[in-house]
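Below: one structure, written as structure tokens.
Chains as they are written, first to last, in the numbering used here: chain E, 1 to 479; chain L, 480 to 962.
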């Protein structure tokens, strides 16, 4: 008799393990299957280890300009191995933490590759077969291969880097984020294909560490999902740091040499150029992991590499659910976590609502940082809103000046008719920690009035959030 | 560490259960899958299986205990290497378990089933993704005596309406009364979506018009006066989530309510909850009426297209007979109006017309003065326009009674729900050949059963019977209707 669970989750990434813990809290007998690492890409090869790398780069950057703060520092240098070791150590520590959380909540961990054989039908639970994996060793206490039964099966298998034909990653010269996260030496030169969050963060890291960096973006704007004004300001800063940026440009061919690659790049103007660099990072997006799960056989509806769900995590096949990256964009850890909780609470029969994807914040941890939530100014106008836009520059904020961070902007977009905060967009120091203030305001359906009446502490960067709102209504003080 | 055995939730809506019987006693070895105890809910008796192995060390909740909340500690199992003898129930858990086996669920005040998410002692059960449960207060019965249980709108009389800033501003801009809207936000807070939905349904204008301004609009598609949020939710029923939890997801299709469905739901719940119905049934013979009908129809002139000028139905006779009966028993031609009775001069008779997705009740005015052919023609016109939803509100407002005829479906008899503010409604069954005793001999007659639903506030039993007698007399001697 195979082990039978109420809920079996495939994938222990941020979506999967959070869902598992929530399921256990709700009284479900729960198991989570993974083939490689608890915490998924986010914790092991994504969000977290890159933040560790970028922190090293940030401190290195300060060391290079000690005079700005009245300090001296000599013989400033770095040890690539130690930087990477620290980053891996951060992931390792958190990975162990996820294991402990699952154990504490009595969630079984099953190690291997999962395939859904059947879904629950009447009293008959669904069945999942787990086969062995050579990717990583099972953590202590994990169950092994075999068949398992579950009433509810949740697919949370995440996504992987998209590969462009002819420019497939080869782990040595053409990197994905996996290799870019664990360099053995600092490359002298680097070509980054794609200017989304992943591409820009690596460009920022390697540039700070001294590499010649070129970013190629096929769209006319870097950070394509961000507000054009914010992306434009960021671009100016990157270029000032020495990052070369080509927008409206496409890598059409990559030739591999002994220690370098040479890329042919067609610009939007029809002219082509060749750029030689030591490494190329392919950061042209991610695709959902929908293969080898038995989904086709079950007739699960998919669209462009993602499982189609109803907003509460339900697929077209009863008893089978999908959450996180594999259930479609935006492919963000915090979206996956929230979606997973909605899914399991729906299974429990609690009162749930589909997530409002318009209120999911996004953060990019380059220097300067970018953070945003809601509609960009252009999108708001496109949707027919008459908008009031507020702007406040870092140069007008005491704390920013004291920090030595006078570059940046906080922009707010309001519906002129109702005063609803439609979106907020920021570039500058620490903005990734500021954005949540606006996210809360949006979720509470604040209008400009509540934001104006809110007292912001002095001296903080957050005062700029207040001033940006005041500016939208012609009441700004410090500009 | 001993293993805690908790009161299981045997269904998604279960909150507590009675511990009917322990099938293991302290000291018994248990293994996974063993049945430990039987739990009784209001619906069924179910078994609690052991999930872990060990020895049943301590029974915390004795058998026969009623109303044990879900997730309360009921027993402790000693794991491997533990001495079951030394295991004690934690004091807090022991104190928490209800020591009230005498107080069975029947003695307890009947309280509406609360959603799982509002359990005070079950924080883990709260949806933190988005907890949108209305607070208990919103579900409570309107304390005003004799009033219908108030639909859970967000604001009581003079009470504070919890609402988001954006919702308040939108409501102000649209001139919508916030207190008439049921909030769908956390703890019943009115959020922007609720206001835009209220606006889309074209209602909840401030100040909301009193409900009695829209009489007999049973099937009116969302009359302006009815706050739409209120219209959607008959008070005190199970919540959407509670109902959905009873069924396997995917086994049903969800159909959103249109204005007509909401109005029907609201008005008929209101009727059943506020109108003291009683029912009077009577068999009426139809032979004379059928013979007359045949004769009259055969004698109908031709119109310019060569078709008969009219073709009377049995229902046309029923309308006319009811109208005349109300004239003969004028005290029954009345409706309840809160602190008084309105007694009418003319007989305005509503007629229920089934249409795709609902029904309308257009009213034949002064039916007592109209000829059968006029009534027939009017009905044809009204029914046709009802089916294409082209009736004007004034055409389905008013009247003191209504006719609902399901005879064409072969229904023998039924009791109709009074359509407020009507005083009565006549439910008409199928005409059929019946064997009755006539002069001590069996005889075959055509007959049908009619059932009058009566609002006892306006019409008492004897008066209702008198009305029905008058009706019977007219149907059985139909010539009286021609003059």
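Even glycine gets a Cβ: it sits at the ideal position worked out from N, Cα and C. From a predicted model like this one, the values you see are computed outputs, not experimental measurements.
Worksheet item: If the cut is a Cβ gap below 9 Å, which residues of chain L does residue 446 of chain E touch?
Response: The count along the first chain starts at 1 and reaches residue 446 of chain E at position 446. For residue 446 of chain E, the C-beta contacts it makes with chain L under 9 Å involve 643, 644, 645, in order along the chain.
Can you find a CB in chain E that lies within less than 7 Å of the CB of residue 533 of chain L? In the second chain, the residue the question calls residue 533 of chain L occupies position 54. Not closer than 7 Å to any Cβ of chain E, the Cβ of residue 533 of chain L fails to qualify, so no.
message: Which of the three DSSP states is assigned to residue 748 of chain L in this structure?
response: Sequence index remark: in the second chain, residue 748 of chain L carries index 269 (1-based). Three-state result, residue 748 of chain L: helix.
In whole angstroms, what separates the C-alpha of residue 809 of chain L from that of residue 801 of chain L?
Here residue 809 of chain L is taken as the residue at index 330 of the second chain, counted from 1. Here residue 801 of chain L is taken as the residue at index 322 of the second chain, counted from 1. Taking the CA atoms as reference points, residue 809 of chain L sits about 12 Å from residue 801 of chain L.
inquiry  = Please classify residue 497 of chain L as buried or exposed, where buried requires at least 16 neighbouring CB atoms within 10 angstroms.
reply    = Taking the first residue of the second chain as 1, we reach residue 497 of chain L at position 18. So residue 497 of chain L ends up on the buried side.
Is residue 426 of chain E helix, strand or coil when you go by DSSP? Here residue 426 of chain E is taken as the residue at index 426 of the first chain, counted from 1. If DSSP states are grouped into helix, strand and coil, residue 426 of chain E belongs with the strands.
Check: What is the residue span of the beta strand (DSSP E) that residue 774 of chain L lies within?
Finding: Within the second chain, numbered from 1, the residue matching residue 774 of chain L stands at position 295. Note, residue 774 of chain L: premise wrong, no beta strand (DSSP E); alpha helix (DSSP H) at 766-777.
To the nearest angstrom, how far is it from the Cα of residue 535 of chain L to the Cα of residue 119 of chain E? Taking the first residue of the second chain as 1, we reach residue 535 of chain L at position 56. Taking the first residue of the first chain as 1, we reach residue 119 of chain E at position 119. In this structure, the straight-line span from the alpha carbon of residue 535 of chain L to that of residue 119 of chain E is close to 35 Å.
(request) For my contact list, residue 461 of chain E and residue 402 of chain E are in at a C-beta cut-off of 8 Å; report their separation, rounded to the angstrom. (result) Counting from one through the first chain, the residue named residue 461 of chain E turns up at place 461. Counting from one through the first chain, the residue named residue 402 of chain E turns up at place 402. Not really, about 10 Å apart at Cβ, beyond 8 Å.
Handout entry: Reference residue 793 of chain L; option with closest CA among L/781, L/940, L/883, L/719
Key = Sequence index remark: in the second chain, residue 793 of chain L carries index 314 (1-based). Looking at the Cα atoms, L/883 is the closest of the given residues.
Backbone CA spacing between residue 746 of chain L and residue 876 of chain L [nearest angstrom]: In the second chain, the residue the question calls residue 746 of chain L occupies position 267. In the second chain, the residue the question calls residue 876 of chain L occupies position 397. Each residue's Cα considered, the two are about 13 Å apart.
Between residue 255 of chain E and the rest of its own chain, which residues show a CB-CB distance below 6 Å, the 5 nearest in sequence each way excluded? Reading the first chain from its first residue, position 255 is the one you call residue 255 of chain E. Correct list, in chain order: 262.
Just how far apart, CA to CA, sit residue 289 of chain E and residue 342 of chain E?
Stepping through the first chain from its first residue, residue 289 of chain E is reached at position 289. Stepping through the first chain from its first residue, residue 342 of chain E is reached at position 342. Cα to Cα, the separation comes out at about 21 Å.
- Could you work out which residue in L/933, L/510, L/755 is closest to residue 558 of chain L when comparing CA atoms only? Working through the second chain from its first residue, we reach residue 558 of chain L at position 79. Minimum Cα distance to residue 558 of chain L is reached at L/510.
**Q.** CB of residue 398 of chain E within 7 Å of CB of residue 457 of chain E, strictly
**A.** Along the first chain, one-based indexing puts residue 398 of chain E at 398. Along the first chain, one-based indexing puts residue 457 of chain E at 457. Not a contact, by the Cβ cut-off of 7 Å.
Proximal residues of chain L, C-beta to C-beta of residue 420 of chain E below 7 Å:
Taking the first chain and counting its residues from 1, the one referred to as residue 420 of chain E is at position 420. Annotation: Cβ neighbours of residue 420 of chain E in chain L (cutoff 7 Å, chain order): 645.
Considering Cα atoms alone, identify which of E/285, E/168, E/159 is closest to residue 196 of chain E. Here residue 196 of chain E refers to the residue found at position 196 when the first chain is read from its first residue. Checking every option, the nearest Cα to that of residue 196 of chain E belongs to E/285.
_Once DSSP output is grouped into helix, strand and coil, what is the label at residue 325 of chain E?_
Mapped onto the first chain, residue 325 of chain E falls at position 325. The answer is helix: DSSP assigns residue 325 of chain E an H, G or I state.
Q.
Here's a check: name, in chain order, each residue in its chain whose Cβ is nearer than 8 Å to the Cβ of residue 901 of chain L, leaving out the five neighbours to either side.
A. Taking the first residue of the second chain as position 1, residue 901 of chain L is located at position 422. When the five nearest sequence neighbours on each side are left out, the beta carbons in the same chain lying within less than 8 Å of the beta carbon of residue 901 of chain L are those of 695, 814, 829, 878, 879, 880, 881, 934, in order along the chain.
Report task. My understanding is that residue 350 of chain E touches residue 720 of chain L, with C-beta atoms under 8 Å, so please give their C-beta distance in whole angstroms. Result -> Counting from 1 along the first chain, the entry for residue 350 of chain E is found at position 350. Counting from 1 along the second chain, the entry for residue 720 of chain L is found at position 241. Yes, residue 350 of chain E and residue 720 of chain L are in contact; Cβ-Cβ is about 7 Å, under 8 Å.
- Task: Output the residue ranges of the beta strand (DSSP E) runs that lie fully inside the segment 868-895 of chain L and measure 3 residues or longer, sorted by chain position.
- Result: If we require 3 residues or more, the beta strand (DSSP E) runs fully inside the segment 868-895 of chain L come out as 880-884.
- CB contact check: residue 349 of chain E to chain L, cutoff 7 Å: Along the first chain, read from residue 1 onward, the residue named residue 349 of chain E stands at position 349. Proximity of residue 349 of chain E to chain L, defined by a Cβ-Cβ separation below 7 Å, is satisfied.
- Message: What does the alpha-carbon distance come out to for the pair residue 920 of chain L and residue 948 of chain L?
- Response: Stepping through the second chain from its first residue, residue 920 of chain L is reached at position 441. Stepping through the second chain from its first residue, residue 948 of chain L is reached at position 469. In a straight line, the C-alpha of residue 920 of chain L is about 24 Å away from that of residue 948 of chain L.
Query raised in the report: For residue 11 of chain E, does the three-state DSSP call read helix, strand or coil?
Result: Residue mapping note: residue 11 of chain E aligns to position 11 of the first chain, counting from 1. Of the three classes helix, strand and coil, the one that applies to residue 11 of chain E here is coil, per DSSP.
For residue 198 of chain E and residue 395 of chain E, what's the separation of their Cα atoms in angstroms? The residue labelled residue 198 of chain E in the question sits at position 198 within the first chain. The residue labelled residue 395 of chain E in the question sits at position 395 within the first chain. Spanning the two alpha carbons is a distance of roughly 28 Å.
Notebook entry, point to check: Listed from N- to C-terminal order along the chain, which residues in the segment 21-38 of chain E have their beta-carbon within a distance smaller than 8 Å of any beta-carbon of chain L?
Noted result: Identification of residues in the segment 21-38 of chain E having a C-beta nearer than 8 Å to some C-beta of chain L yields 25, 26, 27, 29, given in sequence order.
| query | Can the beta-carbon of residue 11 of chain E be found closer than 7 Å to that of residue 231 of chain E? | reply | What you label residue 11 of chain E is simply residue 11 of the first chain in a count that begins at 1. What you label residue 231 of chain E is simply residue 231 of the first chain in a count that begins at 1. For the 7 Å CB-CB criterion, residue 11 of chain E and residue 231 of chain E do not form a contact.
Which residues of chain L have a Cβ atom closer than 8 Å to the Cβ of residue 318 of chain E, listed in chain order?
Translated into positions along the first chain, residue 318 of chain E becomes position 318. The contact set of residue 318 of chain E on chain L, defined by CB atoms closer than 8 Å, consists of 727, 728, 729, 730 in chain order.
Could you pull the DSSP bridge partners for residue 146 of chain E from this structure? As a working note, residue 146 of chain E is residue 146 in the first chain. Residue 146 of chain E is bridged to E/130.
**Report entry** chain L contacts made by the segment 235-268 of chain E, where a contact means CB separation under 9 Å
**Finding:** Under the 9 Å Cβ criterion, the segment 235-268 of chain E contributes no residue.
**Local Cβ density within 10 Å of residue 65 of chain E, reported as buried at 16 or more and exposed below that** = Translated into the one-based positions of the first chain, residue 65 of chain E becomes position 65. Of the other Cβ atoms in all chains shown, fewer than 16 fall within 10 Å of the Cβ of residue 65 of chain E; this residue is therefore exposed.
Point to revise | Beta carbon proximity, residue 450 of chain E to chain L, threshold 7 Å | key: Your numbering for residue 450 of chain E matches position 450 in the first chain. Interface criterion met: the Cβ of residue 450 of chain E is under 7 Å from a Cβ in chain L.
Tell me which residue opens and which closes the alpha helix (DSSP H) that residue 470 of chain E is part of. Along the first chain, read from residue 1 onward, the residue named residue 470 of chain E stands at position 470. That run of the alpha helix (DSSP H) goes 463-472.
* Answer yes or no: does any C-beta atom of chain E fall closer than 7 Å to that of residue 770 of chain L? => As a working note, residue 770 of chain L is residue 291 in the second chain. The Cβ of residue 770 of chain L sits no closer than 7 Å to any Cβ of chain E.
According to DSSP, which residues form a beta bridge with residue 282 of chain E?
Working through the first chain from its first residue, we reach residue 282 of chain E at position 282. Its beta-bridge partners are E/193.
- Query: Excluding the five sequence neighbours on either side, which residues of its own chain have a C-beta within less than 6 Å of the C-beta of residue 16 of chain E, listed in chain order?
  - Reply: Within the first chain, the letter at position 16 stands for residue 16 of chain E. Within the same chain, residue 16 of chain E has close Cβ partners 9, 32, 156.
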